[in-house]
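Residue numbers (my numbering): 100 to 253. Presented below is the structure to which this report refers.
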């Protein structure tokens, strides 16, 4: 005949190591994503058009050209992909070459131009012309250039 042994309540133990691993991976993921998202974003006071006739652009592949504000509505340079370009003619040709390479490697690329509202249009227009020239040199007859503005409030 068999007998039943009473051992008392069973002790259940959970290993926390897998949960710690997952939390660590999530932290690393969010740090990496935040670095990628903020790479092209400079703190600029974008113009706020009234009334706004623009629509929200669809998300897609894009290159962001920041017009770096200088004193009294001037510009001290341009920034694309973390790389700085001068406002002189050599900087313009380097900007065209850089944008052309991006357009050749990524068909359908949009070029977003961001400038502070205090920056004069004379500093923004060369970027748009450089974008158009780069698209033409890359074999794309229509440059996809968008001017970024502030959309109602901050």
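We treat Cβ as the ideally placed atom computed from N, Cα and C, and that holds for glycine.
Identity of the residues DSSP links to residue i by a beta bridge
{"i": "residue 246", "result": "212"}
{"i": "residue 184", "result": "177"}
Sequence-distant residues of its chain with Cβ nearer than 8 Å to residue i (five each side left out)
{"i": "residue 176", "result": "167, 183, 184, 185, 186 and 190"}
{"i": "residue 119", "result": "none"}
Under 8 Å between C-beta atoms of residue i and residue j
{"i": "residue 210", "j": "residue 242", "result": "yes"}
{"i": "residue 180", "j": "residue 200", "result": "no"}
Three-state secondary structure (DSSP) of residue i
{"i": "residue 161", "result": "strand"}
{"i": "residue 168", "result": "strand"}
{"i": "residue 114", "result": "coil"}
{"i": "residue 196", "result": "helix"}
{"i": "residue 131", "result": "helix"}
{"i": "residue 257", "result": "As displayed, the chain neither begins before 100 nor continues past 253, which places residue 257 out of reach and without an answer."}
{"i": "residue 207", "result": "coil"}
{"i": "residue 239", "result": "coil"}
Contact set for residue i: own chain, Cβ-Cβ below 7 Å, skip 5 residues either direction
{"i": "residue 226", "result": "164, 166, 177 and 212"}
{"i": "residue 169", "result": "175"}
{"i": "residue 233", "result": "195, 198, 199 and 202"}
Residue i - containing alpha helix (DSSP H), residue span
{"i": "residue 106", "result": "No alpha helix (DSSP H) holds residue 106; DSSP gives it neither H nor E."}
{"i": "residue 225", "result": "220 to 236"}
Cβ-based neighbour list, residue i, same chain, cut-off 6 Å, excluding 5 preceding and 5 following
{"i": "residue 237", "result": "199, 202 and 203"}
{"i": "residue 205", "result": "160"}
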